[in-house]
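Residue numbering for the sequence shown is -23 to -1, 1 to 404, as defined by mature numbering (1 follows the signal peptide of the UniProt record, and there is no 0). Take a look at the structure below.
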Amino acid sequence: MKTSYAFIMVLFLSIVSATSGMATDVSNKIPGTYLVTESKGAKRLWTFTNDGNILSTSSAQEQFSFSDQKGTWQLTDDGTISVLLMAFGFNEDKSVSYIARMAAELKFDQDCKTFDGQFVLRKYQLTEDPMKPDTDTGDPIEDTFHGVAVSEKTNVKPPKKAPQESKPEKKTPELNWISSGESLGPWWMRRSRDYKAPNIILYHLDLKYSFNDETGNEEVTKHKLNASLILRKDTATNYMTYSLKNKELDYRGSIIKTDKETLQETVFIEALSFMDVMLDFQWEANDKKYYLNRYIYSGGLYFTLLNSKKAIFKIGGFYGHDKIEYMNELSELMGEKQEDFDADFFSIYQRSNFILTQDITLTEKYRYRIYSGSSEYNSILNLNCNVKLSKHISIDASYEIERDNTSESNNLEIEDRELSLGIKLSF
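Structure (structure tokens):
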């Protein structure tokens, strides 16, 4: 019995010793320098030291104004390496703007020459504690990466063939002139002066689809598709939006279909810290109102009156021209022939954004337009709530009220209300 017990103890100690030796062997292989490539294209140089420290330099430092990164690494029980890195971000005047914290996990191959992993990067304001991850209220940046050792242990003997016979390696070109600006947060909601603007073109793309089905005395089916592209370079921002609404009305057994298309191009140029110059063009085709073509041109000044981390309030005044070409052949058949419309107008546009959490955003927009030389007017109020489900997918709900008092309505106010719920993809 004693012999069996002694044998078991020796076997147990041997296993523990072997396991410890394997962990130590892996730890001894890790120290060195590695070239790390992120899936989005940025590159880093990571140097693991014997005492558990790690030094990092990023190819994006000069572009986004942040320091070298320093931190620690640790080998876990399951063979995964945990890495924690920190860096300082700077304003244009070189003062500290934020502290960045990167938490990464990676797994080496058997020879410790390559590794793969993923990281989560958060930016902490100076009033927040980077040692307490929950204090960050912004959206984290997540990415995967691949590392290759550049130390002596990866040296490979040159091929015997002459250099001219070897084929050059094909390299995928990097898009160094355009970026989604993910590290800047929701930059499209803010002015370029609110952050350190990189010397590249920033883009943001939204695609939204909504569906409504109403039943009762009338059965109405509505499909709505919206696509918007935002481009920004320095202090100039371009908004391009396309919208298509399809409506099918079942009226006493007859199906009536109407389409509404709109295309809008808006340019903002930041003239002052609180003021933008805005130019806008809109095109519309609307079966319901017999619009063959509607062209709207306007321009004016747009003021930012409130600009905080959680709330933004803007308002502006604009002068423009509205021209409508009617579907006269169709309107004659309906007994509603109208002369083409051509008039100047003055409008007020107001917009508010409320960032409740990093996943929930409320937006309110109001536009009032009055036409020169008459009492005709048009107003639109839009309320929107966006709830993010994942990095690229969100639920989008909107409620819109439009009021018209024009010659089309015989100078009587007409009110249309629309509630829609849809899904939005953002890139």
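Just so you know, even glycine gets a beta-carbon here, dropped at the ideal spot from N, CA and C.
Ordered along the chain, which non-local residues of its own chain (more than five positions away) have a Cβ less than 6 Å from that of E242? M217, F258
Distance, Cα to Cα, A126 vs F404? A126 and F404: Cα-Cα distance of roughly 33 Å.
Cβ atoms of K237 and A262: under 9 Å apart, would you say? Yes, these two residues count as a Cβ contact at 9 Å.
Whole-angstrom distance between D321 and residue 405, CA atom to CA atom: Nothing about residue 405 can be read from this structure; the chain reaches only from -23 to 404.
Taking the alpha carbon of I273 as the point to measure from, which residue in F295, E247, L366 has its own alpha carbon closest? F295
Apply the 10 Å Cβ neighbour rule to M108 and answer buried if 16 or more other Cβ atoms are within range, or exposed otherwise. Label assigned to M108: exposed.
Determine which residues share a DSSP beta bridge with H181 and list them. Answer by DSSP bridge pairing, in chain order: I207.
For the beta strand (DSSP E) that contains E39, what are its first and last residues? Where E39 is concerned, there is no enclosing beta strand (DSSP E), although the alpha helix (DSSP H) it sits in stretches over 38 to 41.
Within the same chain, show all residues whose beta-carbon is closer than 6 Å to that of E196, passing over the 5 residues directly before and after it, in chain order. D227
Report yes if the CB atom of K368 is closer than 9 Å to the CB atom of E119, and no otherwise. yes
Looking only at its own chain, which residues have a Cβ that is under 6 Å from the Cβ of S275, when we skip the five neighbours before and after it? D257, F295, G297
May I have the straight-line CA-CA distance separating S351 from E316, to the nearest angstrom? 16 Å
Pick out whichever of I378, S371, I391 has its Cα sitting closest to the Cα of L398. Of all alpha-carbon atoms in I378, S371, I391, the one lying nearest the alpha-carbon of L398 is that of S371.
Quick one: give me the first and last residue of the beta strand (DSSP E) that Y279 is part of. 268 to 284
Out of C89, M255, I233, which has the shortest C-alpha to C-alpha gap to N5? When C-alpha distances from N5 are compared across C89, M255, I233, the shortest belongs to C89.
Could you tell me if R394 is buried or exposed, where buried requires 16 or more neighbouring beta carbons within 10 angstroms of its beta carbon? exposed
Using beta carbons (cut-off 9 Å, strictly below), is D321 in contact with chain B? Judged by its chain identifiers, the structure shown contains no chain B, having just a single protein chain.
So, Y186 versus I400, is the Cβ gap smaller than 9 Å? yes
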